[in-house]
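Below is one structure, written out as structure tokens; comments come after it.
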Amino acid sequence: MTGPEHLAVVAAGLGAGVLTSTVGVASLISFPVLIALGIPPVVANASNTVGLLPGALSGSFGYRRELREVPRPHTIAVVLTCAIGAIGGAALLLALPAEVFAAAAPWLILFTCLIVGVQPWISTWLRSRHEQPAGERTRMSPATTFFAALTGVYGGYFGAGAGVMMMAVLGLGLDLELRIVNALKTLALLAANLVASVIFVFVADLNLTAAALLAAGSVVGGYVGSHIGRRLPSGLLRALIVLAGITAAVLMLR
């Protein structure tokens, strides 16, 4: 890669880190950039997962106060469920022919755009539920466990939009405050990314330069993302993400 391309990947990591702390669709920025630089889709996806891990780590660190309010057995259950699912997703990415992921990626991006577009309605629904007095559902039911594991599979396979999905799964399945659900979601996806990254480091083909540049940008973006998110109108940010995602998907389908 040339110097300007290096800067583009760092900027993509920075933007992805910001999105991790805002709408939770980091890969919608970073993955298309790697594809545009000519990196094969499967290599780009694996490198993207590894490169965005520091951003997920800094985001989870920011929620440490909320996580202390959750009983440790419940936190462990959520993390393990998502991590085990991610093993399946990473295995699918590596086992299936590269052509399968290349064909699926544009549609996964479009699906993520749909998730981002309806996120305000999901958030409103969850908020209305959590304005009710807290119930007793603090443990994972079989249905919640299944859908959390399924979200982990998606996170290990592709990941864009997994944060919104996990927020909905945990918000609908557990009677916890929304801020705590958000903290659990962030930690669960960190676990999924960590598991997938370990697998990719040992088994997958990686573009280490791209992963390192993404990591440098994402760790900063994850830290400053919350500050930017407070100042930038959420509607404008969401519209820009959806527009960028649709554009990337259309270009990949050509």
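Be aware that the sequence shown starts at 26, since it is given in this note's numbering, and climbs by one per residue.
All C-beta atoms, glycine included, are put in the ideal place defined by N, C-alpha and C.
*Look up residue 222 in the DSSP assignment and say whether it is helix, strand or coil.*
helix
_Given this structure, state the Cα-to-Cα distance separating residue 102 from residue 200, to the nearest angstrom._
15 angstroms
*Excluding five sequence neighbours on each side, which residues of the same chain lie with their C-beta closer than 7 angstroms to the C-beta of residue 194?*
Spatial neighbours of residue 194 in its own chain (CB-CB distance under 7 angstroms, excluding positions within 5 residues in sequence) are listed in chain order as 169, 172, 173, 176.
*The alpha helix (DSSP H) enclosing residue 57, as first and last residue numbers*: Annotation: the continuous alpha helix (DSSP H) that includes residue 57 extends over 52 to 61.
*Is any beta-carbon of chain C found at less than 9 angstroms from that of residue 243?*
The structure shown contains no chain C; it is built from a single protein chain.
*Answer with buried or exposed for residue 166, where buried requires no fewer than 16 other C-beta atoms within 10 angstroms of its C-beta.*
exposed
*By a C-beta neighbour count over all protein chains shown, 10 Å radius and 16 as the cutoff for buried, is residue 215 buried or exposed?*
Note on residue 215: 16 or more other CB atoms within 10 angstroms of its CB, so buried under the neighbour-count rule.
*With C-beta atoms as the reference, is residue 184 less than 9 angstroms away from residue 74?*
Yes.
_Buried versus exposed, by CB contacts within 10 Å (16 or more), residue 227_ = exposed
*Is it a yes or a no for the region 68 to 86 touching the region 233 to 249, going by three-plus beta-carbon pairs under 8 angstroms?*
yes
*asked:* Does residue 106 pass the burial test, meaning 16 or more other C-beta atoms within 10 Å, or should it be called exposed?
replied: buried
*Determine the extent of the alpha helix (DSSP H) in which residue 111 is found, giving its start and end residues.*
97 to 120
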